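Visitor: In terms of the numbering used here, the sequence shown opens at residue 850 and continues consecutively. I'd like to ask you about the structure that follows.
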Amino acid sequence: MAENNQTMAVNRDRVIIRTSVIGILTNVLLAAFKATVGILSNSIAVILDAVNNLSDALSSVITIVGTKLAGRLPDKKHPLGYGRIEYLSAMIVSGIVLYAGITSAVESVKKIIHPEKPDYSTVSLIIIAVAVVAKVVLGKYVKAQGKKVNSGSLVASGSDALNDAILSTSVLVCALIFKFTGLSLEAWVGIVIAVFIIKAGIDMMKETLNEILGARADKELTIRIKQLMTEEKEIRGAYDLVINNYGPDKNLVSIHMEIPDTMSARDIDKLTRKLERKIYKETGMIVAAVGIYAYNTEDTKAGEIQKNVRELVMSHEWAVQMHGFYLDTVAKEIRFDVVMSFDIRPREGLKVLYEELGKVYPDYDIEISPDVDVSD
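What follows is the structure in structure tokens.
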């Protein structure tokens, strides 16, 4: 399993680096051509488009550096590896894009206040048109590679390149309008370009922040993992699924399973090891911990009490789920977990449940564990 992980990581890093290098070379060439055209034609819109390409090239450099750092082997200080560095590199990329957008806006406003007429040649128009096509091809390629290897930085770069193609098209249209009508829309197009760049930077930053903070796990994935668990005849339910992310394709899973109270430690050990292999094979997720809920198999009274408790608990709108119920008639204990929505504080919900259940079952010691609604 470890060797397989390492091979996949190496291949992933190669794809990211190769794609980023292609992006750097393409953007540097485009920036050079556009800068030349912009200076010769006195076009602020073309110059800003060149600056945008240059920022894209710098973003690709940071992506490569981030990938190399994230690919470092785990050590004693960082036993789960350096994968999250990729999120930091993506954050830096979004910062660069945002800075480029703000700078473009400032320069465009200056040109509106102090306008200068551009002078486009046929060659310059052809160069801008070729740049549009190149950006579309590059954007689709980089985005596809990013989705293929689950790289947020590459997907963001690809999306940014496609946005750039739209902006370059607006520059071309602006140039053609001036060429045939003499109407200069340079500075105003520059403002539009700036707004697009700023929006792209903010969107990229939001997405990366979600990854760093910890977003809700993918619904289809969590349902699939629970399905794989409950396919085993011993498991009646799977709950409390948490996926801890330590970088792209580096996920550790913890989950609780509900099993009969008659299973031995040997049986449980055999079952959990089987689950670890099964879930990794089917989803690529590494099962780091499996908790246990026992359910009553011999006490007939437990079923009736569980039904009554469930009805009482689930009568509250903020109660999302109840699980892990166990009744010990000898020790006079009732214990279970309740998943509460974010509409109520756990302490408040527990207070309500303890008061209500205490009145119905005064002879029992009731233990309720509040769970956070972390996954579907």
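Ideal Cβ positions, reconstructed from N, Cα and C, are used throughout, including at glycine. None of these values were measured; they are calculated from a predicted model.
Are TYR936 and ILE1051 touching if we call contact CB-CB under 8 Å?
Guide: Position 87 of the sequence shown, counted from the first residue, corresponds to residue 936. Position 202 of the sequence shown, counted from the first residue, corresponds to residue 1051. No, the pair does not count as a contact, with Cβ atoms beyond the cut-off.
Visitor: Across which residues does DSSP place ASP1214 in a beta bridge pair?
Guide: Position 365 of the sequence shown, counted from the first residue, corresponds to residue 1214. Paired residue(s): GLU1182.
Visitor: Where does the unbroken alpha helix (DSSP H) through ASP1177 begin, and where does it stop?
Guide: Counting from 1 along the sequence shown, the entry for residue 1177 is found at position 328. Note, ASP1177: premise wrong, no alpha helix (DSSP H); beta strand (DSSP E) at 1168-1177.
Visitor: Is LEU1090 near LYS1068, with beta carbons less than 8 Å apart?
Guide: Looking up residue 1090 in the sequence shown gives position 241. Looking up residue 1068 in the sequence shown gives position 219. No.
Visitor: With DSSP run on the structure shown, which of helix, strand or coil describes ALA1066?
Guide: Here the question's residue 1066 lines up with position 217 in the sequence shown. Here ALA1066 sits in coil by DSSP.
Visitor: Can you confirm whether the stretch 1000-1012 touches the stretch 1031-1043 when touching is taken to mean that 3 or more C-beta pairs between the two stretches lie within less than 8 Å?
Guide: With a cut-off of 8 Å, the stretch 1000-1012 and the stretch 1031-1043 do not count as touching, because too few Cβ pairs lie within range.
Visitor: For VAL1020 versus ALA894, is the C-beta distance shorter than 8 Å?
Guide: What you label residue 1020 is simply residue 171 of the sequence shown in a count that begins at 1. What you label residue 894 is simply residue 45 of the sequence shown in a count that begins at 1. Their beta carbons are under 8 Å apart, which means VAL1020 touches ALA894 by this criterion.
Visitor: Thinking C-beta only, is ASP1009 closer than 8 Å to ALA1049?
Guide: Indexing the sequence shown from 1 puts residue 1049 at position 200. Indexing the sequence shown from 1 puts residue 1009 at position 160. The answer is yes: Cβ separation under 8 Å.
Visitor: Where does TYR931 fall in DSSP's three states?
Guide: Residue numbering aside, residue 931 sits at position 82 when the sequence shown is read from its first letter. If DSSP states are grouped into helix, strand and coil, TYR931 belongs with coil.
Visitor: Counting Cβ pairs closer than 8 Å, one from the stretch 883-899 and one from the stretch 961-975, do we hit at least three?
Guide: Output reads yes: the stretch 961-975 touches the stretch 883-899.
Visitor: Helix, strand or coil: how does DSSP classify GLY1152 here?
Guide: On the sequence shown, position 303 is the one that residue 1152 refers to. Correct three-state label for GLY1152: helix.
Visitor: Taking Cβ positions, are GLY944 and ASP905 nearer each other than 8 Å?
Guide: Locating residue 944 in the sequence shown gives position 95, where the first residue counts as 1. Locating residue 905 in the sequence shown gives position 56, where the first residue counts as 1. No. Outside cutoff.
Visitor: Rounded to the nearest angstrom, what separates LYS1082 and SER1113 at their Cα positions?
Guide: Position 233 of the sequence shown, counted from the first residue, corresponds to residue 1082. Position 264 of the sequence shown, counted from the first residue, corresponds to residue 1113. Straight-line Cα distance between these residues: approximately 15 Å.
Visitor: Residue range of the alpha helix (DSSP H) that VAL979 falls in?
Guide: Within the sequence shown, residue 979 is the residue found at index 130, counting from 1. Note, VAL979: alpha helix (DSSP H), 971-998.
Visitor: CA-CA distance, TYR1144 and TYR1175?
Guide: Along the sequence shown, read from residue 1 onward, the residue named residue 1144 stands at position 295. Along the sequence shown, read from residue 1 onward, the residue named residue 1175 stands at position 326. If you take the alpha carbons of TYR1144 and TYR1175, they lie about 6 Å apart.
Visitor: Closer than 7 Å: is that where the CB of PHE1029 sits relative to any heavy atom of the ligand GDP?
Guide: Among the components of this structure there are no ligands whatsoever, and the ligand GDP is therefore not found.
Visitor: Count the other C-beta atoms from every protein chain shown that fall within 10 angstroms of the C-beta of THR1057, then say buried if there are 16 or more, exposed otherwise.
Guide: As a first step, residue 1057 is located in the sequence shown; it is residue number 208 there, counting from the start. Flag for THR1057 reads buried.
Visitor: By Cβ distance, which residues of its chain are closer than 6 Å to PRO1138, with the 5 residues on each side in sequence left out?
Guide: The sequence position of residue 1138 within the sequence shown is 289, counting from 1. A quick correction: the sequence has Ala, not Pro, at residue 1138. The residues are SER1103.
Visitor: Rounded C-beta distance between LEU1016 and LEU974? I'm assuming under 8 Å.
Guide: The count along the sequence shown starts at 1 and reaches residue 1016 at position 167. The count along the sequence shown starts at 1 and reaches residue 974 at position 125. About 16 Å separates the two Cβ atoms, so there is no contact after all.
Visitor: Roughly how many angstroms lie between the CA atoms of GLU1204 and TYR1129, to the nearest whole one?
Guide: Locating residue 1204 in the sequence shown gives position 355, counting from the first residue. Locating residue 1129 in the sequence shown gives position 280, counting from the first residue. Those two C-alpha atoms are separated by around 43 Å.
Visitor: Rounded to whole angstroms, what is the Cα-Cα separation between THR1121 and GLY988?
Guide: The residue labelled residue 1121 in the question sits at position 272 within the sequence shown. The residue labelled residue 988 in the question sits at position 139 within the sequence shown. Going from the Cα of THR1121 to the Cα of GLY988 covers about 44 Å.
Visitor: For the beta strand (DSSP E) containing LEU1090, name the first residue and the last one.
Guide: Here the question's residue 1090 lines up with position 241 in the sequence shown. Unbroken beta strand (DSSP E) run through LEU1090: 1086-1094.
Visitor: Are ILE828 and GLY915 closer than 8 Å when you measure CB to CB?
Guide: Outside the shown range of the chain, which is 850 to 1225, sits residue 828, and nothing can be said about it.
Visitor: Can you give me the C-alpha to C-alpha distance between GLU965 and PRO923, rounded to a whole angstrom?
Guide: By one-based count along the sequence shown, residue 965 stands at place 116. By one-based count along the sequence shown, residue 923 stands at place 74. For GLU965 and PRO923, the distance between alpha carbons rounds to 57 Å.
Visitor: Nearest-angstrom Cα distance between GLY1152 and TYR1095?
Guide: Stepping through the sequence shown from its first residue, residue 1152 is reached at position 303. Stepping through the sequence shown from its first residue, residue 1095 is reached at position 246. Those two C-alpha atoms are separated by around 41 Å.
Visitor: Going by C-alpha to C-alpha distance, which of SER909, THR1146 and GLU1125 sits closest to VAL1136?
Guide: On the sequence shown, residue 1136 is found 287 positions in, with the first residue counted as 1. Ranking the options by Cα distance to VAL1136, first place goes to GLU1125.
Visitor: With DSSP run on the structure shown, which of helix, strand or coil describes ASN891?
Guide: Position 42 of the sequence shown holds residue 891. Of the three classes helix, strand and coil, the one that applies to ASN891 here is coil, per DSSP.
Visitor: Taking the straight line between their C-alpha atoms, what separation do you get for LYS1200 and ILE1193?
Guide: Position 351 of the sequence shown, counted from the first residue, corresponds to residue 1200. Position 344 of the sequence shown, counted from the first residue, corresponds to residue 1193. If I take the Cα positions, the gap works out to 11 Å.
Visitor: Give the single residue among ASP1212, ILE1108, VAL1187 and PRO1219 whose Cα lies nearest to the Cα of GLY1140.
Guide: In the sequence shown, the residue the question calls residue 1140 occupies position 291. The shortest C-alpha separation from GLY1140 is found at ILE1108.
Visitor: Tell me whether the beta-carbon of THR808 lies closer than 8 Å to the beta-carbon of GLN994.
Guide: The structure shown does not extend to residue 808, since the chain spans only 850 to 1225, so no value can be given for it.
Visitor: Need the endpoints of the beta strand (DSSP E) that VAL1139 sits in, please.
Guide: Against the sequence shown, residue 1139 aligns to sequence position 290. Start and end: 1135-1144.
Visitor: Can you tell me whether THR875 is buried or exposed? The criterion is at least 16 other CB atoms within 10 Å of its CB, across all chains shown.
Guide: Position 26 of the sequence shown, counting from 1, holds the residue named residue 875. Looking at its Cβ environment, which holds 16 or more other Cβ atoms inside 10 Å, THR875 is buried.
Visitor: Nearest to ILE953 by CA position, among GLU1197, PHE1045, MET1106 and LYS1156, is which residue?
Guide: Within the sequence shown, the letter at position 104 stands for residue 953. Sequence inspection shows Ser at residue 953; the Ile mentioned does not correspond to that position. Nearest of GLU1197, PHE1045, MET1106 and LYS1156 to SER953, Cα basis: PHE1045.
Visitor: Could you spell out where the alpha helix (DSSP H) holding GLU1131 opens and where it closes?
Guide: Translated into the one-based positions of the sequence shown, residue 1131 becomes position 282. Where GLU1131 is concerned, the enclosing alpha helix (DSSP H) stretches over 1114-1132.
Visitor: Put LEU1101 into one of helix, strand or coil per three-state DSSP.
Guide: Counted from its first residue, the sequence shown places residue 1101 at position 252. DSSP places LEU1101 in strand when its eight states are reduced to three.
Visitor: Pick out whichever of THR1030, ARG863, THR1018 and LEU929 has its Cα sitting closest to the Cα of ASN1093.
Guide: Here residue 1093 refers to the residue found at position 244 of the sequence shown. Per the Cα distances, LEU929.
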